[in-house]
Amino acid sequence: AAAALESSKAFAKAFMARHGIPTARFEVCTDERQALAAVAGDRFGFPVVVKADGLAAGKGVTVAADRAAAEAAVREAMVARRFGEAGATVVVEECLSGPEVSFFVVADGRRCLALPAAQDHKRIFDGDAGPNTGGMGAFGPSPLFDAELETRVLRDIVGPAIDGLRGEGREYRGVLYVGLMLTAAGPRVIEFNVRFGDPEAQVILPMVEGGLAAVLLGAARGNLGDARWRVASDPHVGVVMASGGYPGSYETGRPIEGLDDAAAVPGVHVAHAGTALQGGRIVTSGGRVLTVVARGASYPQAIARAYDAVGRIAFDGSHVRTDIGRKALAATEVRGRA
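This is how it looks when you write it as structure tokens:
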């Protein structure tokens, strides 16, 4: 099924190679010896990326700065089996450089409609420091993703992917998430997902002001036809509130206060993730607890609203990044000077 694009990085990389879709150079390794040889050689250099083949809750990717770190990542996945069977095979690939952008389309098997692009923040700490997470915040639409770049990505990446799946008997109808690195040589695919991304969906879906149901129904039936959606272009910023200790071990069951106060901030809504109702109170039940999403007339306004709302919510041990949206400000300033 087309879901293998997400569930197996080895399949996805081989698929991209078959269909000429631009991505990082790679090697699929099915045993420890092969993987250690791949990271030890000079084919990829350092830093090098080591990815568990299967699904690992967004934590199966290591960017290794040197050989020792790369070998440790290989052994963690393939010997210690930190990710279970998901790490029985690993993909070793070159480390690309450039900003990351998440791009979404809804496909009916042949055609597709695009949504605005977003930018995620995968690292746990400000300044993109610390380990990877499932995502600590997002903003959109991305100032880096203009109409010219969208046309190029649809032509060189999305089109070949949809056509390739159909040609291989895996016709895909649904949401296709394309994780891109905007390198100096052009956009390169980091990953495909066959769903909306989290936390990108929390900032992208509120932009759709009408037509979403018709588009999704048309895609499911294999014929988008004349279905269209109305999409706003105002900036949206989403800040994830996480449990202390995440993405490592963390405690749950902590009461959450201030949700109504946060929702009273203009343009703000709060999306729940790791929460539960316990004895009539909303408590934490996961690593990433809430995404506080704000809409604004500008990025400065959206950012200010989001953090105003975040400051009204409290639970023991909460952790947030304080720099979500800063890249949007920087990109907007650069474009303004261009």
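Using our numbering, the letters of the sequence shown correspond one by one to residues -6 to 331. Don't be surprised by glycine CBs; every beta carbon is placed ideally from N, CA and C.
Exposure label - residue i; buried when at least 16 CB within 10 Å
i: V72; result: exposed
i: E184; result: buried
i: Q332; result: Since the first residue shown for the chain is -6 and the last is 331, residue 332 is missing from the structure and cannot be characterised.
i: D101; result: buried
i: E193; result: buried
i: A(-6); result: exposed
i: P199; result: buried
i: L137; result: buried
i: D191; result: buried
i: G157; result: buried
i: R26; result: exposed
i: D46; result: buried
i: A321; result: buried
i: Y135; result: Note on residue identity: the sequence assigns Ser, not Tyr, to residue 135. It counts as buried.
i: E113; result: Per the sequence presented here, residue 113 reads as Asp, with Glu not at that position. By the 10 Å Cβ count, D113 comes out buried.
i: T23; result: exposed
i: A122; result: exposed
i: A212; result: buried
i: S338; result: The structure shown does not extend to residue 338, since the chain spans only -6 to 331, so no value can be given for it.
i: A331; result: Caution applies to A331, whose pLDDT of 48 falls short of 50 and renders its modelled position unreliable; the value that the coordinates give is listed next. So A331 counts as exposed.
i: E141; result: exposed
i: L89; result: buried
i: T144; result: exposed
i: L210; result: exposed
i: E161; result: exposed
i: A61; result: exposed
Whether residue i touches residue j by CB criterion (7 Å)
i: V98; j: A111; result: no
i: T16; j: R181; result: yes
i: V208; j: V224; result: no
i: V43; j: A58; result: no
i: T82; j: A31; result: no
i: G80; j: A70; result: yes
i: G120; j: L175; result: no
i: G280; j: S236; result: yes
i: V171; j: R188; result: no
i: F39; j: G53; result: no
i: V196; j: G231; result: yes
i: D227; j: R305; result: no
i: P124; j: I117; result: yes
Proximal residues to residue i (C-beta, below 8 Å), its chain only, five neighbours per side dropped
i: R18; result: R36, F37, E86 and E87
i: A256; result: H262, V263 and A302
i: S0; result: G47 and L48
i: A7; result: V21
Own chain, CB closer than 7 Å to residue i, minus 5 neighbours either side, in chain order
i: R298; result: V258, P259, G260, V261, A287 and G289
i: I14; result: I150, P153, A154 and V182
i: D309; result: R247
i: A28; result: C22, V67, M71, V83 and V85
i: D277; result: Note that residue 277 is Thr in the sequence shown here, rather than Asp. Correct list, in chain order: S236, T245, G246, R247, I249, G267, T268 and F308.
i: R163; result: A(-6) and A(-5)
i: E78; result: G47
i: G215; result: D101, G102 and R166
i: M9; result: T16 and V182
i: H265; result: L283
6 Å CB neighbourhood of residue i in its chain, flanking five on each side removed
i: A323; result: none
i: R104; result: L217
i: R221; result: G204
i: A5; result: L(-2) and F185
i: S311; result: M234
i: Y239; result: G280
i: I275; result: I249 and T268
i: E93; result: M174
TODO: Would you be able to state if there are at least three C-beta pairs under 8 Å between the segment 288 to 301 and the segment 242 to 250?
DONE: These segments do not touch.
Task: Segments of 3+ residues assigned as beta strand (DSSP E) that fall wholly inside the segment 199 to 224 - done: Counting only runs of 3 or more, we get 201 to 203.
Open item on the list: In chain order, what are the residue ranges of uninterrupted beta strand (DSSP E) at least 3 long that sit wholly in the segment 106 to 147?
Closed with: 116 to 118, 122 to 125 and 130 to 133
TODO: For the segment 12 to 69, list the alpha helix (DSSP H) runs that are entirely contained and at least 4 residues long, ordered along the chain.
DONE: 25 to 33
- [ ] Pair every Cβ in the segment 304 to 322 with every Cβ in the segment 130 to 146, then say whether three or more of these pairs are closer than 8 Å.
- [x] The segment 304 to 322 is in contact with the segment 130 to 146.
Open item on the list: Ignoring anything shorter than 4 residues, give me the alpha helix (DSSP H) runs that lie fully in the segment 226 to 268, in order along the chain.
Closed with: 252 to 256
- [ ] Report the residue ranges of all beta strand (DSSP E) runs contained in full by the segment 160 to 190; include only those spanning at least 3 residues, in chain order.
- [x] Taken in chain order, the complete beta strand (DSSP E) segments of 3 residues or longer contained in the segment 160 to 190 are 166 to 176 and 179 to 186.
Open item on the list: In chain order, what are the residue ranges of uninterrupted alpha helix (DSSP H) at least 4 long that sit wholly in the segment 264 to 330?
Closed with: 292 to 303 and 319 to 330
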